[in-house]
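K.L.:
Next up is a structure, given as structure tokens.
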Amino acid sequence: MQHRSVSELMTREVVTARPDTPFKEVAALFHRNDVTAVPVIDDQDRPIGMVSEADLLRKEAVLPDPEDRHPGRWLRPPDQARAEAETAGGLMTSPVVTARASWNVGEAARQMDRHRVKRLPVVDEAGRLIGIVSRADLLQVFLRHDGAISEEIVHDVLGHTLRLAPGTVGVTVQDGVVTLTGRLPRRSLIPLAERLCRSVDGVVAVHQSLDWTEDDTRTAVEHPRAYRAGRR
Numbered sequence: 033m034q035h036r037s038v039s040e041l042m043t044r045e046v047v048t049a050r051p052d053t054p055f056k057e058v059a060a061l062f063h064r065n066d067v068t069a070v071p072v073i074d075d076q077d078r079p080i081g082m083v084s085e086a087d088l089l090r091k092e093a094v095l096p097d098p099e100d101r102h103p104g105r106w107l108r109p110p111d112q113a114r115a116e117a118e119t120a121g122g123l124m125t126s127p128v129v130t131a132r133a134s135w136n137v138g139e140a141a142r143q144m145d146r147h148r149v150k151r152l153p154v155v156d157e158a159g160r161l162i163g164i165v166s167r168a169d170l171l172q173v174f175l176r177h178d179g180a181i182s183e184e185i186v187h188d189v190l191g192h193t194l195r196l197a198p199g200t201v202g203v204t205v206q207d208g209v210v211t212l213t214g215r216l217p218r219r220s221l222i223p224l225a226e227r228l229c230r231s232v233d234g235v236v237a238v239h240q241s242l243d244w245t246e247d248d249t250r251t252a253v254e255h256p257r258a259y260r261a262g263r264r
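Count along the sequence shown starting at 1, add 32, and that's the number in the working numbering.
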């Protein structure tokens, strides 16, 4: 199966800042380019941090109310220093979490989820910035047509990977939801078929009402018991 890679989904022309980029210029970069965050890069074009709209808004959050009705938000000393920063280097979140162009959608999504970030700068083997991928980019896989998903499941999953004869399993796809019907030669193939179908790009869920000819799961469970009994 061929998963879409970060290289196919990422934006290659990345808006960036340097550590000495002034606060107001960072805000202007957001406005001019309709972005909400930018990587901060060093002299070798390696990302060393990220600055987002939230980092800029922190400066407003710590200001007291002009009419003295509410004090400014209290922040920990490191966050207070970032709120008072005047350049991208002081504002940025560091170290930066990155991705590789060769990663598939699942790998990039797990990286985002693990670190709770909305975007990943993409770097080459030398750590240089070559692109950026966002949550919205990764969600493009769910725009795949049902027909393309069905064709991949029939050809790649059932035919090439599981080596099943054509027509053994019926496949229908509606709004990304896959339904499998039919009879498999072995019961143990059912969870495998489900897992492989679920990993196809664009699949939302997998339902199945599959039957089997041979219950090889019973044999697999009972064999160790028989082996232990024979050694007593």
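C-beta: ideal position from N, C-alpha, C; glycine also. A quick note: this is a predicted structure, and the numbers were derived from the prediction, not measured.
Pull up the CB-CB distance for Val58 and Leu123, whole angstroms please, since I reckon it's below 8 Å.
P.N.:
7 Å between Cβ atoms; contact.
K.L.:
In or out: Asp169 buried (at least 16 other Cβ within 10 Å) or exposed?
P.N.:
Asp169 comes out buried.
K.L.:
According to DSSP, which residues form a beta bridge with Gly81?
P.N.:
BP columns for Gly81 point to Val72.
K.L.:
So, with DSSP's three-state summary, where would you put Gly163?
P.N.:
Gly163: strand per DSSP, three-state reduction.
K.L.:
Just the C-alpha distance for Pro51 and Val83, rounded to the nearest angstrom, thanks.
P.N.:
Computed Cα separation, rounded: 10 Å.
K.L.:
For Gln76, which residues from the same chain have a beta carbon less than 7 Å from its beta carbon, with the 5 sequence-adjacent residues on both sides left out?
P.N.:
Excluding positions up to five away in sequence, the list reads Arg160.
K.L.:
Taking the Cβ atom as the reference point for each residue, do Gly163 and His35 lie within a distance shorter than 8 Å?
P.N.:
Their beta carbons are not under 8 Å apart, which means Gly163 does not touch His35 by this criterion.
K.L.:
Closest to Glu118 by CA distance: which of Gln172, Ala140, Ala133 and Asp87 is it?
P.N.:
Taking only the C-alpha atoms, the option nearest Glu118 is Asp87.
K.L.:
So what's Val201 in DSSP terms, helix, strand or just coil?
P.N.:
Three-state DSSP puts Val201 in a strand.
K.L.:
Can you round the beta-carbon distance between Arg132 and Val38 to whole angstroms, since I take them to be within the 8 Å contact cut?
P.N.:
The Cβ separation is near 7 Å, so the contact holds.
K.L.:
Excluding five sequence neighbours on each side, which residues of the same chain lie with their C-beta closer than 8 Å to the C-beta of Thr125?
P.N.:
Once the five neighbours on either side are set aside, the close Cβ partners of Thr125 are Gly81, Met82, Val83, Ser84 and Asp87.
K.L.:
Of the choices Leu242, Lys150 and Ala115, whose alpha-carbon is the least far from that of Lys91?
P.N.:
Answer by Cα proximity: Ala115.
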